[in-house]
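Below is one structure, written out as structure tokens; comments come after it.
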Amino acid sequence: MFDTLSDRLTSVLSNLRSKGRLSDADIDATAREIRIALLEADVALPVVRAFIAKVKERAKGAEVSAALNPAQQVVKIVNEELVAILGGETRRLNMAKTPPTVIMLAGLQGSGKTTLAGKLARWLKGQGHTPLLVACDLQRPNAVTQLQVVGERAGVPVFAPEPGNGVGDPISVARRGIDEAKHAQHDVMIVDTAGRLGVDEELMKQAADIRDAVTPDETLFVVDAMIGQDAVTTAEAFRDGVGFTGVVLTKLDGDARGGAALSVREVTGQPILFASNGEKLEDFDAFHPDRMASRILG
Ligand code: GDP
1 MFDTLSDRLT SVLSNLRSKG RLSDADIDAT AREIRIALLE ADVALPVVRA FIAKVKERAK
61 GAEVSAALNP AQQVVKIVNE ELVAILGGET RRLNMAKTPP TVIMLAGLQG SGKTTLAGKL
121 ARWLKGQGHT PLLVACDLQR PNAVTQLQVV GERAGVPVFA PEPGNGVGDP ISVARRGIDE
181 AKHAQHDVMI VDTAGRLGVD EELMKQAADI RDAVTPDETL FVVDAMIGQD AVTTAEAFRD
241 GVGFTGVVLT KLDGDARGGA ALSVREVTGQ PILFASNGEK LEDFDAFHPD RMASRILG
């Protein structure tokens with residue numbers, strides 16, 4: 001996903017290598033090129049501005065170092081600032097003191113929520129947890145079946161409304177999901193919620209009602225990295241309408257520009273916890289800002 005950005009940044013930064021000392025003009029010219037590369041990759045403008053200001057300030061103020069030549073120093077600064085916009089440290093999941101830990105997923109339809117529910121369940125199971133999937137996407141006819149399919153693949157049970165019993169009422173299913181998790185001693189429950197094609201008030205209200213019913217330890221906003229600048233506007237809408245404690249980037253295997261997704265952390269102030277990069281359940285991992293920055297800088 002970040003190949004073009006990565007190529008651009010690598011080439012801008014490698015141009016510096018032929019220079020000995022860097023003048024302020026050299027730094028300004030480099031900063032301008034980095035700015036263009038980030039904007040072309042779809043990174044949100046305010047994020048780019050802040051990033052460039054920081055890089056310029058630090059590069060101009062950098063002490064002459066015996067260990068690094070000027071070009072290496074700029075690379076180091078760009079790398080550190082990239083890590084910073086991606087969230088700095090890896091943020092782990094918040095686990096409840098008293099189980100079950102409740103993780104609610106929210107996002108647009110097609111963002112990859114249901115797939116993510118299976119991926120996260122499989123990942124948690126691999127870490128020794130005993131997750132339960134709870135089907136609260138009752139809007140889309142196939143959503144419950146789809147969750148059951150990913151649950152089966154992940155080897156994780158799914159709590160879903162029985163036909164005729166609470167169908168159409170995701171809030172009641174969410175509540176009963178907690179009872180089931182306690183009863184069957186699941187230490188984590190993952191609540192899949194409905195997503196519409198666009199942000200709408202009814203969707204936000206339903207997600208907020210489910211949130212109030214289950215008081216999640218984590219509400220994860222799931223966002224398709226392929227949707228470009230809409231990733232940022234959608235994130236803001238979910239932040240204001242439902243609130244979330246973390247972000248999951250999906251479809252990082254796509255060939256869109258992806259920079260908007262990289263802006264979500266800065267724009268919303270919430271950390272990216274996980275990244276999805278394929279349709280298979282194993283195409284998934286915790287998000288590490290430093291690894292992502294290294295990948296982008298090639
Ligand atoms: P939901 O509507 O938010 O529940 O989204 P789904 O989980 O149904 O995913 C929508 C589509 O995106 C499905 O075809 C998934 O297979 C696909 N998908 C989900 N995550 C990824 C990913 O990380 N990479 C790719 N390439 N496809 C994905």
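Per UniProt numbering, residue 1 is the first one in the sequence shown, and the count goes up by one each step.
Where a beta carbon is used, it is the ideal one built from N, C-alpha and C, also for glycine.
Any idea which residues DSSP pairs I103 with across the strands? Within the sequence shown, numbered from 1, the residue matching residue 103 stands at position 103. Its beta-bridge partners are I190, E218.
Residue 328: which of V64, G87, V78 sits nearest, CA to CA? No answer is possible for residue 328: it lies beyond the span of the chain, which begins at 1 and ends at 298.
Relative to the ligand GDP, is the shortest distance from any of its heavy atoms to the C-beta of T250 smaller than 7 Å? Position 250 of the sequence shown, counting from 1, holds the residue named residue 250. Checking the Cβ of T250 against the ligand GDP gives yes.
Would you kindly work out how many angstroms separate the C-alpha atoms of D224 and A121, rounded to a whole number? Taking the sequence shown and counting its residues from 1, one reaches residue 224 at position 224. Taking the sequence shown and counting its residues from 1, one reaches residue 121 at position 121. Those two C-alpha atoms are separated by around 19 Å.
Tell me the rounded alpha-carbon separation between G166 and A260. Within the sequence shown, the letter at position 166 stands for residue 166. Within the sequence shown, the letter at position 260 stands for residue 260. Legend: pLDDT at G166 = 48, less than 50; position of this residue unreliable, no value from coordinates given.
Segments of 4+ residues assigned as alpha helix (DSSP H) that fall wholly inside the segment 107–181: 113–126, 143–154
My output table needs one value for S276: the three-state DSSP class, helix, strand or coil. As a first step, residue 276 is located in the sequence shown; it is residue number 276 there, counting from the start. In the structure shown, S276 sits in a strand (DSSP, three-state: E or B).
Short of 8 Å in beta carbon distance, which residues of its chain neighbour I27, apart from the five on each side in sequence? Order them along the chain. Here residue 27 refers to the residue found at position 27 of the sequence shown. So the qualifying residues of the chain are K56, A59, K60, V74.
On the DSSP bridge list, what partners appear for V75? In the sequence shown, the residue the question calls residue 75 occupies position 75. Answer is none; V75 lacks a bridge partner.
Residue range of the unbroken alpha helix (DSSP H) whose run includes F238: Within the sequence shown, the letter at position 238 stands for residue 238. Its alpha helix (DSSP H) spans residues 230–241.
The beta strand (DSSP E) enclosing L249, as first and last residue numbers: Taking the sequence shown and counting its residues from 1, the one referred to as residue 249 is at position 249. Where L249 is concerned, the enclosing beta strand (DSSP E) stretches over 246–250.
With a threshold of 16 other CB atoms inside 10 Å of the CB of L68, please say whether the residue is buried or exposed. Numbered from its first residue, the sequence shown carries residue 68 at position 68. Counting the other Cβ atoms within 10 Å of the Cβ of L68 gives fewer than 16, which makes it exposed.
Taking all protein chains shown into account, decide if H186 is buried (16 or more other Cβ within 10 angstroms of its Cβ) or exposed. Position 186 of the sequence shown, counted from the start, is the residue given in the question as residue 186. H186 should be labelled buried.
So, helix, strand or coil for D255, using DSSP? Your numbering for residue 255 matches position 255 in the sequence shown. Reduced to three states, the DSSP call for D255 is coil.
With respect to 7 Å, is the separation between the Cβ of S23 and the closest non-hydrogen atom of the ligand GDP below this value? For the purposes of this step, residue 23 is taken as residue 23 along the sequence shown, with counting starting at 1. It does not: the Cβ of S23 is nowhere closer than 7 Å to a heavy atom of the ligand GDP.
Report yes if the CB atom of A84 is closer than 8 Å to the CB atom of V267, and no otherwise. As a position in the sequence shown, residue 84 is number 84, starting the count at 1. As a position in the sequence shown, residue 267 is number 267, starting the count at 1. The answer is no: Cβ separation not under 8 Å.
Excluding five sequence neighbours on each side, which residues of the same chain lie with their C-beta closer than 8 Å to the C-beta of L252? Counting from one through the sequence shown, the residue named residue 252 turns up at place 252. Closer than 8 Å at the Cβ level, and outside the excluded window around L252, lie M1, A225, G258, A261, A275, S276, N277.
Taking its Cβ as the centre, do 16 or more other Cβ atoms sit within 10 Å of P170, making it buried, or is it exposed? Within the sequence shown, residue 170 is the residue found at index 170, counting from 1. The residue in question, P170, is buried, as its Cβ has 16 or more Cβ neighbours within 10 Å.
From G177, H129, G112, A237, pick the residue whose C-alpha is nearest to that of Q146; which is it? Here residue 146 refers to the residue found at position 146 when the sequence shown is read from its first residue. The candidate whose alpha carbon is nearest that of Q146 is G112.
By Cβ distance below 7 Å, which residues in the same chain neighbour L86 in space, the five residues on each side in sequence not counted? Counting from 1 along the sequence shown, the entry for residue 86 is found at position 86. Taken in chain order, the residues that qualify are L262, R265, I272, P289, M292, A293.
Considering Cα atoms alone, identify which of V248, A66, A106 is closest to T90. Here residue 90 refers to the residue found at position 90 of the sequence shown. T90 has its Cα closest to that of V248, out of V248, A66, A106.
Select from L133, T245, G107, P46 the residue whose C-alpha is nearest the C-alpha of E201. Counted from its first residue, the sequence shown places residue 201 at position 201. It is G107.
Own chain partners of F284 with C-beta closer than 7 Å, once the 5 adjacent residues on each side are dropped: Residue mapping note: residue 284 aligns to position 284 of the sequence shown, counting from 1. Shown here for F284: same chain residues with a beta carbon closer than 7 Å to its own, the five before and five after excluded, namely K119, W123, F274, S276 in chain order.
In three-state DSSP terms, what is F2? Counted from its first residue, the sequence shown places residue 2 at position 2. Note: F2 maps to coil in three-state DSSP.
D24 (DSSP reduced to helix, strand or coil): Start at 1 with the first residue of the sequence shown, and residue 24 comes out as number 24. Helix.
To which residues of the same chain is A235 closer than 8 Å at the C-beta, ignoring the five residues directly before and after it? Your numbering for residue 235 matches position 235 in the sequence shown. Cβ neighbours of A235 beyond the five flanking positions: F221, V223, V247, V264, V267, T268.
If you count every other CB in all the chains shown that lies within 10 Å of the CB of I36, and 16 or more means buried, which is it? As a working note, residue 36 is residue 36 in the sequence shown. Classification of I36: exposed, given that the 10 Å Cβ count is below 16.
Is D200 helix, strand or coil by DSSP? Taking the sequence shown and counting its residues from 1, one reaches residue 200 at position 200. Reduced to three states, the DSSP call for D200 is coil.
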